[in-house]
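*Asks:*
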Amino acid sequence: SEELETEDERLVYESAMNWINYDLNKRHCYLPELLQTVRLALLPAIYLMENVATEELIAKHRKSKDIVEEAIRCKLKILQNDGVVTSLCARPRKTGHALFLLGGQTFMCDKLYLVDQKAKEIIPKADIPSPRKEFSACAIGCKVYITGGRGSENGVSKDVWVYDTLHEEWSKAAPMLVA
1 SEELETEDER LVYESAMNWI NYDLNKRHCY LPELLQTVRL ALLPAIYLME NVATEELIAK
61 HRKSKDIVEE AIRCKLKILQ NDGVVTSLCA RPRKTGHALF LLGGQTFMCD KLYLVDQKAK
121 EIIPKADIPS PRKEFSACAI GCKVYITGGR GSENGVSKDV WVYDTLHEEW SKAAPMLVA
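Numbers 1 to 179, taken from full-length UniProt numbering, label the letters of the sequence shown in order.
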């Protein structure tokens, strides 16, 4: 359902599998239909590969196996920043708006915060791995990008850092060609 809100897609997957397994003889035929409702490409990569792709019940159903293989392809595109992924299995459940703040207590920016408009509070998120000033930032989909700027040595940086809001972690992307 588009109205379902969850912070962890594993719960959705596990609930679907538990429902199927509760009465396997009668419910196994619903597996492909249920798998299509799970945003499999939003699962952590390790979980997708080690738990979902190796699930015996999924391996027995060709359509279910195809759904999981498509999710793995989508996940690889996401992890490699390889174009726009439009598949339903990769679309966040609820399209909400989030406001992230970048800042710190000195002239260097080293903090990321999420403004929770419902609770009216500011929530600290993962610290920026490489504090900087005079950088640019933008958000595309579920990722926040920080590019360039000056680090603690005051030299110009070609670094690009990406914050994944779904997995709440920073990763370093390919550097810019020109700073």
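We put the CB at the ideal spot given by N, CA and C, even for glycine. If you're wondering where the values come from, they're calculated on a predicted model, not measured in any experiment.
Out of curiosity, what's the CA-to-CA distance linking residue 101 and residue 162?
*Replies:* Residue 101 and residue 162: Cα-Cα distance of roughly 14 Å.
*Asks:* Report back the beta-carbon spacing between residue 31 and residue 71 to the nearest angstrom; my notes put them in contact at under 8 Å.
*Replies:* Residue 31 to residue 71, Cβ: 14 Å. No contact.
*Asks:* Three or more C-beta pairs under 8 Å: does that hold for the stretch 112–120 against the stretch 59–66?
*Replies:* No: the two stretches stay apart, fewer than three of their Cβ pairs being nearer than 8 Å.
*Asks:* Out of 130, 119 and 120, state which residue places its alpha-carbon closest to the alpha-carbon of residue 111.
*Replies:* The shortest Cα separation from residue 111 among 130, 119 and 120 belongs to 130.
*Asks:* Between the Cα of residue 176 and the Cα atoms of 25, 14, 34 and 147, which residue gives the shortest distance?
*Replies:* Closest by alpha carbon: 147.
*Asks:* What alpha helix (DSSP H) runs, 4 residues minimum, are completely inside the stretch 87–170?
*Replies:* Segments of the alpha helix (DSSP H) lying fully in the stretch 87–170: there are none.
*Asks:* Which residues in the same chain as residue 135 place their Cβ atom closer than 6 Å to its Cβ, once the five residues preceding and following it in sequence are excluded?
*Replies:* Within the same chain, residue 135 has close Cβ partners 146, 148 and 149.
*Asks:* Kindly give me the distance between the Cβ atoms of residue 45 and residue 77, rounded to whole angstroms, as I take these residues to be in contact under 8 Å.
*Replies:* Not really, about 12 Å apart at Cβ, beyond 8 Å.
*Asks:* Rounded to the nearest angstrom, how far is the Cβ of residue 128 from that of residue 170, given a contact under 8 Å?
*Replies:* Correct: roughly 7 Å between the Cβ atoms.
*Asks:* Answer with buried or exposed for residue 50, where buried requires no fewer than 16 other C-beta atoms within 10 angstroms of its C-beta.
*Replies:* Counting Cβ neighbours within 10 Å, residue 50 comes out exposed, since fewer than 16 surround it.
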